[in-house]
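Numbering (the working numbering), first residue to last: 241 to 595.
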Amino acid sequence: MNEAAFREVISGQRRGFAAATLRTILAAAAGPYALVVALRNEAYNRGWLRRYRVPVPVVSVGNLTAGGTGKTPVVAFVTEWFQQRGVRVGILSRGYRAHTTASNDEKLVLDRLCPNTPHVQNPDRVEGGRIACRQFACQLLILDDGFQHRRLHRDLDVVLIDATCPWGYGRLLPRGLLREPVQALRRADLILLTRVDQCQADAVDRIRETVRRAKAELPIVELAFRPWELRNTAAETLPPDQLKGRPIAAFCGIGNPEAFRKTLQACGADVRAFHSFPDHHDYSDADRNRLAAMARECHAHWLVATAKDLVKLKETALGGRPLWSLEIRPEVVAGRNILDQRLEKLATKAKCRGD
Numbered sequence: 241m242n243e244a245a246f247r248e249v250i251s252g253q254r255r256g257f258a259a260a261t262l263r264t265i266l267a268a269a270a271g272p273y274a275l276v277v278a279l280r281n282e283a284y285n286r287g288w289l290r291r292y293r294v295p296v297p298v299v300s301v302g303n304l305t306a307g308g309t310g311k312t313p314v315v316a317f318v319t320e321w322f323q324q325r326g327v328r329v330g331i332l333s334r335g336y337r338a339h340t341t342a343s344n345d346e347k348l349v350l351d352r353l354c355p356n357t358p359h360v361q362n363p364d365r366v367e368g369g370r371i372a373c374r375q376f377a378c379q380l381l382i383l384d385d386g387f388q389h390r391r392l393h394r395d396l397d398v399v400l401i402d403a404t405c406p407w408g409y410g411r412l413l414p415r416g417l418l419r420e421p422v423q424a425l426r427r428a429d430l431i432l433l434t435r436v437d438q439c440q441a442d443a444v445d446r447i448r449e450t451v452r453r454a455k456a457e458l459p460i461v462e463l464a465f466r467p468w469e470l471r472n473t474a475a476e477t478l479p480p481d482q483l484k485g486r487p488i489a490a491f492c493g494i495g496n497p498e499a500f501r502k503t504l505q506a507c508g509a510d511v512r513a514f515h516s517f518p519d520h521h522d523y524s525d526a527d528r529n530r531l532a533a534m535a536r537e538c539h540a541h542w543l544v545a546t547a548k549d550l551v552k553l554k555e556t557a558l559g560g561r562p563l564w565s566l567e568i569r570p571e572v573v574a575g576r577n578i579l580d581q582r583l584e585k586l587a588t589k590a591k592c593r594g595d
């Protein structure tokens with residue numbers, strides 16, 4: 241089942257006996273998951289499970305839901321923010337299926353977006369942080385996908401919320417997309433509300449109100465993801481306005497495929513076919529043939545994917561049609577001063593540690 245179909249099931253959009261049965265099974269599995277999450281959080285809250293520090297400030301960038309918030313470009317954005325102020329930054333992550341290079345799409349994207357930035361992948365993030373400090377003399381660490389990883393102390397806990405699906409359909413995994421209940425936002429220090437450009441103002445206001453109920457003083461910064469450039473595997477680039485009016489076939493293996501479709505449509509692309517794969521999908525030869533056939537059947541001029549997909553594809557074309565990724569960049573649309581103030585405090589702290 242692909243990402244879009246799964247979302248149709250858990251959101252309740254897909255009707256019928258099979259979908260209802262699957263929702264019942266997923267709801268039953270969510271009970272034990274909720275218990276484990278609650279017990280683990282309580283153990284950290286009471287100090288029964290220990291938290292460890294590393295010698296430098298740590299900024300955690302994470303999610304309340306499972307994927308789809310735009311975390312990878314935000315990690316790159318925050319990394320660049322500190323580097324522009326002279327801070328030696330390292331990125332720390334677990335590594336999604338890191339034993340297979342093809343699957344490690346987020347690291348491959350970050351390596352391109354943040355060249356010459358140390359990126360330590362280690363399931364033991366505490367040890368990974370120590371390695372980053374010892375081997376690369378990092379002054380500050382960005383903990384990628386760190387909200388649920390409570391073992392490593394952080395100086396700033398940033399949580400991303402996707403405005404197009406803020407609460408993961410209101411249910412915990414696997415019945416919904418919530419990793420934790422909304423009340424977990426009490427641990428957060430800063431909210432980055434992404435894709436506000438794809439929502440109505442009243443929907444954004446409702447999200448803000450829910451956040452305030454969880455933690456009244458929690459600051460919120462609003463972001464939009466703007467099309468930046470089209471890029472292929474040969475590192476050739478085109479401006480995104482080249483999509484306007486162009487017939488394309490699009491595909492992706494990300495957490496929120498519908499957001500990608502909307503971005504393409506906002507660029508004026510004529511999206512004649514669209515296929516979503518599971519998040520972090522590895523593309524086989526059969527997938528390549530299927531995508532080439534899809535583009536041929538709808539008479540698309542190009543195939544367009546996301547940056548996370550393109551790093552796992554070596555071709556510049558499929559079925560004789562050019563293959564491009566649409567690169568995006570975060571843009572702060574509200575709360576820039578809040579973000580700068582929070583990050584500036586840590587930049588000062590990091591540089592005070594010297595060389």
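Using N, Cα and C, we set each Cβ at its ideal position, and we do this for glycine too. Source: prediction; values computed, not measured.
Exposure label - residue i; buried when at least 16 CB within 10 Å
i    : result
P363 : exposed
Y292 : exposed
L289 : exposed
I265 : exposed
R427 : buried
N344 : buried
K585 : exposed
C592 : exposed
M241 : exposed
V398 : buried
F257 : exposed
D442 : exposed
S333 : buried
D445 : exposed
Residue i in three-state terms, based on DSSP
i    : result
F322 : helix
R411 : coil
Q361 : strand
Y292 : strand
T434 : strand
S524 : coil
V573 : strand
A244 : helix
T305 : strand
D445 : helix
D481 : helix
R263 : helix
D385 : coil
A590 : helix
L392 : strand
D397 : strand
A456 : coil
A377 : coil
L211 : One cannot answer for residue 211 here, as it falls past the ends of the chain, which runs 241 to 595.
G287 : coil
G369 : helix
I494 : coil
V298 : strand
L418 : strand
V461 : strand
V249 : helix
H339 : Low confidence applies here, because H339 scores a pLDDT of 46, under 50, leaving its location unreliable; read the following figure in that light. Correct three-state label for H339: coil.
Presumed contact (8 Å Cβ cut-off) between residue i and residue j, rounded CB distance
i    : j    : result
A403 : I447 : 6 Å
L425 : R419 : Contact doesn't hold; Cβ gap of about 12 Å is too wide.
P467 : P480 : 4 Å
L531 : L558 : 5 Å
P497 : E243 : 5 Å
A587 : F322 : 6 Å
L553 : L563 : 7 Å
G495 : A306 : 7 Å
L396 : S300 : 7 Å
K502 : Q440 : The pair is not a contact, with the Cβ atoms about 13 Å apart (cut-off 8 Å).
Close beta carbons around residue i, own chain, < 6 Å, minus the five adjacent residues each side
i    : result
A269 : P414
A490 : L504, V511, F514 and V544
T309 : N303, L400, D402 and T434
T312 : E346 and V349
V249 : A259 and L262
L393 : Looking at the sequence provided, one finds His at residue 393 rather than Leu. Once the five neighbours on either side are set aside, the close Cβ partners of H393 are R291 and R293.
Strand pairing of residue i, partner residues [DSSP]
i    : result
A513 : A489
P562 : A557
R466 : R569
A403 : Per DSSP, none; premise fails for A403.
L543 : A489 and L563
I578 : I578 is not bridged to any residue.
R471 : T477 and S565
Cut-off 7 Å between Cβ atoms - residues of its own chain near residue i, not counting five sequence neighbours on either side
i    : result
A590 : V296, P297, V327, Q379 and L380
H521 : G493
Q581 : none
Cut-off 8 Å between Cβ atoms - residues of its own chain near residue i, not counting five sequence neighbours on either side
i    : result
G410 : G416 and L418
A461 : Looking at the sequence itself, residue 461 is Val, so the reference to Ala does not match. Once the five neighbours on either side are set aside, the close Cβ partners of V461 are L430, I431, L432, L433, V572, A574, G575, R576, I578 and L579.
V366 : Y292, V294, R391 and L392
L470 : T477, L478, P479, P480, Q482, L483, V544, W564, S565, L566 and E567
Residue i Cβ short of 8 Å to the ligand NAD heavy atom set
i    : result
P570 : The ligand NAD is not part of the structure shown, which contains no ligands of any sort.
Within-9 Å CB hit, residue i to chain D
i    : result
E555 : The structure shown contains no chain D; it is built from a single protein chain.
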